[in-house]
Structure formats: C-alpha cells, structure tokens
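Student:
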Amino acid sequence: EKVAGRKYELFQYFGAPDAERIIVLMGSGAETAQETVEYLMKKGEKVGLIKVRLYRPFSIKHFINSLPKTVSTIAALDRTKEPGSIGEPLYTDIVTAIQEGISEGIAPFKKTPKITGGRYGLSSKEFTPAMVKGVFEEMKKEVPKNHFTIGINDDVTHSSISYGPDFSITFCTISGQSR
Numbered sequence: 047e048k049v050a051g052r053k054y055e056l057f058q059y060f061g062a063p064d065a066e067r068i069i070v071l072m073g074s075g076a077e078t079a080q081e082t083v084e085y086l087m088k089k090g091e092k093v094g095l096i097k098v099r100l101y102r103p104f105s106i107k108h109f110i111n112s113l114p115k116t117v118s119t120i121a122a123l124d125r126t127k128e129p130g131s132i133g134e135p136l137y138t139d140i141v142t143a144i145q146e147g148i149s150e151g152i153a154p155f156k157k158t159p160k161i162t163g164g165r166y167g168l169s170s171k172e173f174t175p176a177m178v179k180g181v182f183e184e185m186k187k188e189v190p191k192n193h194f195t196i197g198i199n200d201d202v203t204h205s206s207i208s209y210g211p212d213f214s215i216t217f218c219t220i221s222g223q224s225r
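Right, dumping it as structure tokens:
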C-alpha cells in the first residue's frame, strides 16, 4: 500500500452487506461485474462480488472471511473450459473452500450456500453487464443451472443460460435528472 498507493486483499468483496447472491471471479470480467453489482444494489438487489486478487496459493480462511453471513447462492465464474474435469478451476476451489470452511467451523453461515459454476468470455466474447445480470437472475432459481455457459450458444453441451442482451447500466444525466 505504501509503495503503490493502493490496498488489495486476497479476496475483495464488493456489494450489499446482506447479500444473498454472490459472484466470485477474477481477471478481466471483474470490473464489469463490480459496476453491475453497484447498479443492481441501487435497485434494491442483495447481490455481491468477490474479486480474486491472489489465486495461488488459495487461502480458504481469507476466502471464507470475505463472505457475508447472509450468502445463499454463489456462482464461481471461470474464463476457461476444462473438458473432462468435474468443473473449472475456480469453481472446484470454491466448492472445496466452502466444504472445508464448514467442516473446520470457520464458515460464517448457518446453511450451506448453493454453489454453481459457470464459464464466460469463451470464444473471446465480451463479458457485459447484461451477462452479469443474467447470472444473478439464474441464481434466483430454486435449482440454478450448474456448469453453465453465458454469452455464447453452447450447442454442444446445451449448458447456456439466457440473459437480456439489451440490459445496460449506462445512463445519461439530462438537466440534473438520471434517466
């Protein structure tokens, strides 16, 4: 912090202190997700984002401590597809961290959250606020799709989730009023 003038945590949480739905991701999509979380919070949504700043070594304790007690559903988003694996790298680490956090008694929540894994940015597709909102909408379902893809029509595994491509968080100010 003294050298760069910035303070980073291993896992940085952004969002509602009482968030129920949280996306965990790292890399290029994190800024888009953060802007979308801020927009959705202003609309009353209880959502959050955990930006992974240091992936390896993965600290279960620091990850668990970054979660709000109110989380009920977590979506771990990877920008890779791991054919033949039980899940993408971040997803498998999140599942393991939650399970170990519970078994070690350090998890802050009373009920184990649902955990889903998803892929974004495949085929070099841009990750948009509409896609972030689509992930949060999927997480509202009683049984959200696991191992999903957002942003492309996955006609091989048929694992794509829908999103409203016209959704936008941009707005303009005219005469002092946001529109």
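Numbering (my numbering), first residue to last: 47 to 225. We put the beta carbon where it would ideally sit given N, CA and C, even for glycine.
#1: Could you spell out where the alpha helix (DSSP H) holding K107 opens and where it closes?
#2: Would you be able to state if there are at least three C-beta pairs under 8 Å between the region 105-118 and the region 77-88?
#3: Roughly how many whole angstroms lie between the Cα atoms of E188 and T119?
#4: If you draw a straight line from the alpha carbon of K48 to that of A62, how long is it in whole angstroms?
#5: For K160, which residues does DSSP report across the bridge?
#6: Which residues bound the alpha helix (DSSP H) around L95?
#7: How far does the beta strand (DSSP E) with F155 in it extend, from its first residue to its last?
#8: For Y101, which three-state DSSP category applies?
#9: Within its chain, find whatever has a CB closer than 8 Å to the CB of K157; leave out the 5 residues flanking it on each side and keep chain order.
#10: Using DSSP's beta-bridge definition, name the partner residues of F194.
#11: Give me the residue from P135, L136, G163, S112 with the minimum Cα distance to P154.
#12: For C218, name the three-state secondary structure that DSSP assigns.
#13: Mind checking whether L123 and G180 have CB atoms under 8 Å apart?
#14: Is the distance from the Cβ of I69 to the Cβ of L100 below 8 Å?
#15: For N199 and K160, I'd like the C-alpha separation in whole angstroms.
#16: How big is the Cα-Cα spacing for E172 and I215?
#17: Output yes or no for whether 8 Å exceeds the beta carbon distance between F182 and R67.
#18: Assign S130 to one of three DSSP states: helix, strand, or coil.
Tutor: Result, derived from the coordinates:
#1: 106-112
#2: no
#3: 10 Å
#4: 28 Å
#5: T119
#6: First-last for L95: 93-98, but that is the beta strand (DSSP E), not the alpha helix (DSSP H).
#7: Looking at the DSSP string, F155 is not in any beta strand (DSSP E), and its letter there is neither H nor E.
#8: coil
#9: S118
#10: G164
#11: S112
#12: In this prediction, C218 scores a pLDDT of 48, lower than 50, which makes its location untrustworthy; no coordinate-derived value is stated.
#13: no
#14: no
#15: 25 Å
#16: 15 Å
#17: yes
#18: The displayed chain sequence assigns Gly, not Ser, to residue 130. Coil.
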